[in-house]
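Undergrad: Residue numbers (the UniProt record's numbering): 1 to 406. What follows is a single structure, and I will ask about it in a moment.
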Amino acid sequence: MNELLTLAVIPVVIIAIIHKSVQFHNNPANPRLFAVRIYMYIAIGVGFTLGLSPAYTFLGDITGVPNIAQLCKHIIGITSIQCVQFFLHALNDPQKSTARAKKRAAFTIPIIGVMIAAFFAAPKETPEPEHFLAVYATAPGMGLYMVCYLLLFTIALIDLVQISLRYRKQARRPLVRAGATFLTTGFALAFLYVLTKANTTAVLLNLIDPVLPTNDTLSHALLVAAVVSVILGGTIPAALTLARWPRRLRILRALYPLWLDVYRATPGVVLNPPRTPSRPPTPSPASTRELLLRRIVEIRDGARETRPYLDPSVVRTAKEAARASGLSGDELAATVEAARLAASLHAARDTDAVPASVSTIEPLANLGGADLDTDAATLLPVALAYATSPIVASIIHEYAGRATYA
Numbered sequence: 001m002n003e004l005l006t007l008a009v010i011p012v013v014i015i016a017i018i019h020k021s022v023q024f025h026n027n028p029a030n031p032r033l034f035a036v037r038i039y040m041y042i043a044i045g046v047g048f049t050l051g052l053s054p055a056y057t058f059l060g061d062i063t064g065v066p067n068i069a070q071l072c073k074h075i076i077g078i079t080s081i082q083c084v085q086f087f088l089h090a091l092n093d094p095q096k097s098t099a100r101a102k103k104r105a106a107f108t109i110p111i112i113g114v115m116i117a118a119f120f121a122a123p124k125e126t127p128e129p130e131h132f133l134a135v136y137a138t139a140p141g142m143g144l145y146m147v148c149y150l151l152l153f154t155i156a157l158i159d160l161v162q163i164s165l166r167y168r169k170q171a172r173r174p175l176v177r178a179g180a181t182f183l184t185t186g187f188a189l190a191f192l193y194v195l196t197k198a199n200t201t202a203v204l205l206n207l208i209d210p211v212l213p214t215n216d217t218l219s220h221a222l223l224v225a226a227v228v229s230v231i232l233g234g235t236i237p238a239a240l241t242l243a244r245w246p247r248r249l250r251i252l253r254a255l256y257p258l259w260l261d262v263y264r265a266t267p268g269v270v271l272n273p274p275r276t277p278s279r280p281p282t283p284s285p286a287s288t289r290e291l292l293l294r295r296i297v298e299i300r301d302g303a304r305e306t307r308p309y310l311d312p313s314v315v316r317t318a319k320e321a322a323r324a325s326g327l328s329g330d331e332l333a334a335t336v337e338a339a340r341l342a343a344s345l346h347a348a349r350d351t352d353a354v355p356a357s358v359s360t361i362e363p364l365a366n367l368g369g370a371d372l373d374t375d376a377a378t379l380l381p382v383a384l385a386y387a388t389s390p391i392v393a394s395i396i397h398e399y400a401g402r403a404t405y406a
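Next up, the structure:
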């Protein structure tokens, strides 16, 4: 049963490693945190793999130390949970995270040394991948070994629960809050794992009467559930980016005709000129947000640069045509704004002289919202009208080649 539970964890770990590697490749923002996180996932995967009988026995055979895999699993577990600590501390207080990690290491390393010494205090000749504690609990040094192991886990978990609760309280986005909830749940399950292990150890050493079940499968199931929950907590927030990708990609493509004319009229405001103007790019989920933000800013800047060319007569003509076509409300406003932008962009592109006067009309494309998605939603109907409205096309035809001075 324990091996089946272990096999359920390994694919989750592999998916998490691939997901984070792709995410880092697309957006290499913080190599150190990425390295810590990847080590954590790899360590978890290796630790659970060592719990499988073939790997457990193989490591014992090549080292000549039966059950050495058990010691390796526990040390890997301790370092993994400290990686989680470092990662969450780095998110909450990056300036102090390194100093705190050094203090934890100074406390942890000597205790791991005691664990190693206690493990080798007596030979353990028979490999026991599933029932190691039940078989060797009374061996010399094993009581001290388990105290050290569970002590390090408990101290780390107390810290992690506090951090995750604080992180959840501060989270604004629903998926970030869900991720923090999974983290907290995982740490709570890990506490139950520590409790069952402590109870089993105490019962086997005849220190207490049985109160809780002394079941290796139960404690292993709790550990598996804790690990899966923590991994989900660390990856769910990134799902927000993936979930928003189709919509943001559609908006990017809708903005493209307007953005392309902004580039042609005011190339100086565009950071990266289009490689193939006839075809809009298809960015990855990780880079779509940044590209959409840049496009919105560049369209705003282009609207500002061509503001001297805004002509009230364009507005009047566009309004009359829009009302005659049955448009009203937001649809009318978006069409008029698109016509105004079309006239000013084409005039700026086709006219050498710059008007001395500046229009007092603030373009809709230049008005920002509270966040990226609000900005995109504000600009989207303007961009759609710009690309598809016959009214805008007629305005472009009428005003092409002449400056539309305010």
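C-beta: ideal position from N, C-alpha, C; glycine also.
Just checking my contact of Thr335 with Ile391 at CB under 8 Å: how many whole Å lie between their CB atoms?
TA: As a position in the sequence shown, residue 335 is number 335, starting the count at 1. As a position in the sequence shown, residue 391 is number 391, starting the count at 1. Right, their Cβ atoms sit about 6 Å apart.
Undergrad: Decide if Gln170 is buried, meaning its Cβ has at least 16 other Cβ atoms within 10 Å, or exposed.
TA: Stepping through the sequence shown from its first residue, residue 170 is reached at position 170. Exposed, by the Cβ-count rule.
Undergrad: Span of the alpha helix (DSSP H) holding Asp346?
TA: What you label residue 346 is simply residue 346 of the sequence shown in a count that begins at 1. Inspection of the sequence shows that residue 346 is occupied by His rather than by Asp. Its alpha helix (DSSP H) spans residues Gly329 to Asp350.
Undergrad: Report the three-state DSSP secondary structure of Val228 (helix, strand or coil).
TA: For this step, residue 228 is matched to residue 228 along the sequence shown. Val228 falls in the helix class under three-state DSSP.
Undergrad: Tell me whether residue 408 is buried or exposed, calling it buried when 16 or more other Cβ atoms sit within 10 Å of its Cβ.
TA: Residue 408 is absent from the model: the chain starts at 1 and stops at 406.
Undergrad: Might you give, ordered along the chain, the residues of its own chain that have their beta carbon closer than 6 Å to the beta carbon of Val270, omitting 5 neighbours on each side?
TA: Residue mapping note: residue 270 aligns to position 270 of the sequence shown, counting from 1. The residues are Tyr263 and Glu298.
Undergrad: What are the boundary residues of the alpha helix (DSSP H) that Tyr136 is part of?
TA: As a first step, residue 136 is located in the sequence shown; it is residue number 136 there, counting from the start. Here the alpha helix (DSSP H) through Tyr136 covers Phe132 to Tyr136.
Undergrad: Between the stretch 123-139 and the stretch 48-62, can you find at least three pairs of beta-carbon atoms closer than 8 Å?
TA: The stretch 48-62 is in contact with the stretch 123-139.
Undergrad: Beta-carbon separation of Leu310 and Ala322 under 7 Å?
TA: Stepping through the sequence shown from its first residue, residue 310 is reached at position 310. Stepping through the sequence shown from its first residue, residue 322 is reached at position 322. No, the pair does not count as a contact, with Cβ atoms beyond the cut-off.
Undergrad: State the start and end residues of the unbroken alpha helix (DSSP H) segment that holds Ser199.
TA: Position 199 of the sequence shown holds residue 199. The amino acid at residue 199 is misidentified as Ser; the sequence shows Asn. Pro174 to Leu204 is the span of the alpha helix (DSSP H), which, as asked, contains Asn199.
Undergrad: Just the C-alpha distance for Arg339 and Ser394, rounded to the nearest angstrom, thanks.
TA: Counting from 1 along the sequence shown, the entry for residue 339 is found at position 339. Counting from 1 along the sequence shown, the entry for residue 394 is found at position 394. The identity of residue 339 in the sequence shown is Ala, whereas the question assumes Arg. Roughly 9 Å between the two C-alpha positions.
Undergrad: Would you kindly work out how many angstroms separate the C-alpha atoms of Thr235 and Arg177, rounded to a whole number?
TA: What you label residue 235 is simply residue 235 of the sequence shown in a count that begins at 1. What you label residue 177 is simply residue 177 of the sequence shown in a count that begins at 1. Approximately 12 Å, taken between the alpha carbons.
Undergrad: Assign residue 408 to one of three DSSP states: helix, strand, or coil.
TA: Outside the displayed span of the chain (1 to 406) sits residue 408, for which this structure offers no information.
Undergrad: Looking at the unbroken alpha helix (DSSP H) that takes in Asp375, where does it start and where does it end?
TA: Your numbering for residue 375 matches position 375 in the sequence shown. It spans Leu372 to Thr388 - the alpha helix (DSSP H) in which Asp375 sits, taken as one unbroken run.
Undergrad: Assuming the contact rule is C-beta atoms closer than 8 Å, Cys83 and Met40 should be a hit. Round their C-beta distance to whole Å, please.
TA: For the purposes of this step, residue 83 is identified with residue 83 of the sequence shown, where counting begins at 1. For the purposes of this step, residue 40 is identified with residue 40 of the sequence shown, where counting begins at 1. With 8 Å as the limit, Cys83 and Met40 qualify as a contact, their Cβ atoms being about 4 Å apart.
Undergrad: Buried or exposed: which applies to Gly326, given that a residue is buried once 16 or more other Cβ atoms fall within 10 Å of its Cβ?
TA: In the sequence shown, counting from the first residue as 1, residue 326 sits at position 326. By the 10 Å Cβ count, Gly326 comes out exposed.
Undergrad: How is Glu398 classed by DSSP in three states: helix, strand or coil?
TA: Indexing the sequence shown from 1 puts residue 398 at position 398. Helix.
Undergrad: Can we say the stretch 239-249 touches the stretch 147-163, given the rule of at least three CB pairs closer than 8 Å?
TA: Cβ pair count under 8 Å is below three, so no.
Undergrad: Measure from the alpha carbon of Tyr145 to the alpha carbon of each residue in Pro110, Arg168 and Glu305, then state which is nearest.
TA: Residue numbering aside, residue 145 sits at position 145 when the sequence shown is read from its first letter. Closest option to Tyr145, Cα to Cα, is Pro110.
Undergrad: When the Cα of Gly233 is compared with those of Phe87, Arg349 and Met142, which residue comes out closest?
TA: Here residue 233 refers to the residue found at position 233 of the sequence shown. Per the Cα distances, Phe87.
Undergrad: So Leu341 packs on Ala254, CB below 8 Å; how close in whole Å?
TA: Translated into positions along the sequence shown, residue 341 becomes position 341. Translated into positions along the sequence shown, residue 254 becomes position 254. Going by Cβ atoms, the distance from Leu341 to Ala254 rounds to 14 Å, so no, they are not a contact pair.
Undergrad: Among Ala101, Thr276, Pro210 and Pro140, which residue has its Cα nearest to the Cα of residue 434?
TA: Any question about residue 434 goes unanswered here, given that the chain covers just 1 to 406.
Undergrad: At the level of alpha carbons, what is the spacing between His346 and Asp261?
TA: Here residue 346 corresponds to residue number 346 of the sequence shown, with the count starting at 1. Here residue 261 corresponds to residue number 261 of the sequence shown, with the count starting at 1. So the two alpha carbons sit approximately 8 Å from each other.
Undergrad: So Val147 is in the alpha helix (DSSP H); what residue range does that whole segment cover?
TA: Reading the sequence shown from its first residue, position 147 is the one you call residue 147. Segment Met142 to Gln170, the alpha helix (DSSP H) holding Val147.
Undergrad: Would you mind giving the Cβ-Cβ distance between Ile81 and Phe191, rounded to the nearest angstrom? I have them listed as a contact below 8 Å.
TA: Walking along the sequence shown from the start, residue 81 turns up at place 81. Walking along the sequence shown from the start, residue 191 turns up at place 191. About 12 Å; that fails the 8 Å criterion.
Undergrad: Which residues bound the alpha helix (DSSP H) around Ile76?
TA: If you number the sequence shown from 1, residue 76 lands on position 76. Ile76 -> alpha helix (DSSP H) spans Ile68 to Asn92.
Undergrad: Mapping the DSSP letters down to three states, classify Leu260 as helix, strand or coil.
TA: Looking up residue 260 in the sequence shown gives position 260. Helix.
Undergrad: State yes or no: is the C-beta of Pro257 within less than 7 Å of the C-beta of Ala387?
TA: Along the sequence shown, one-based indexing puts residue 257 at 257. Along the sequence shown, one-based indexing puts residue 387 at 387. Cβ distance < 7 Å, so Pro257 and Ala387 count as in contact.
Undergrad: Is the distance from the Cβ of His74 to the Cβ of Tyr136 below 7 Å?
TA: The residue you call residue 74 lines up with position 74 of the sequence shown. The residue you call residue 136 lines up with position 136 of the sequence shown. Not in contact: His74 and Tyr136 (Cβ atoms no closer than 7 Å).
Undergrad: Determine the burial state of Ile44: buried for a count of at least 16 other Cβ atoms within 10 Å of its Cβ, exposed for fewer.
TA: Residue mapping note: residue 44 aligns to position 44 of the sequence shown, counting from 1. The residue in question, Ile44, is buried, as its Cβ has 16 or more Cβ neighbours within 10 Å.
Undergrad: Contact defined as beta carbons within less than 8 Å: I believe Thr181 pairs with Arg168. What is the distance between those atoms, to the nearest angstrom?
TA: As a position in the sequence shown, residue 181 is number 181, starting the count at 1. As a position in the sequence shown, residue 168 is number 168, starting the count at 1. With a Cβ gap of about 6 Å, Thr181 and Arg168 count as contacting.
Undergrad: How is the alpha helix (DSSP H) around Gly60 delimited, first residue to last?
TA: Walking along the sequence shown from the start, residue 60 turns up at place 60. Element bounds for Gly60: Ser53 to Thr63.
Undergrad: Thinking C-alpha only, which one of Trp259, Arg300 and Asp373 is nearest Pro277?
TA: The residue you call residue 277 lines up with position 277 of the sequence shown. Among Trp259, Arg300 and Asp373, the Cα nearest to that of Pro277 belongs to Trp259.
Undergrad: For Arg250 and Ser284, what's the separation of their Cα atoms in angstroms?
TA: On the sequence shown, residue 250 is found 250 positions in, with the first residue counted as 1. On the sequence shown, residue 284 is found 284 positions in, with the first residue counted as 1. Near 13 Å, if we compare the C-alpha coordinates of Ser284 and Arg250.
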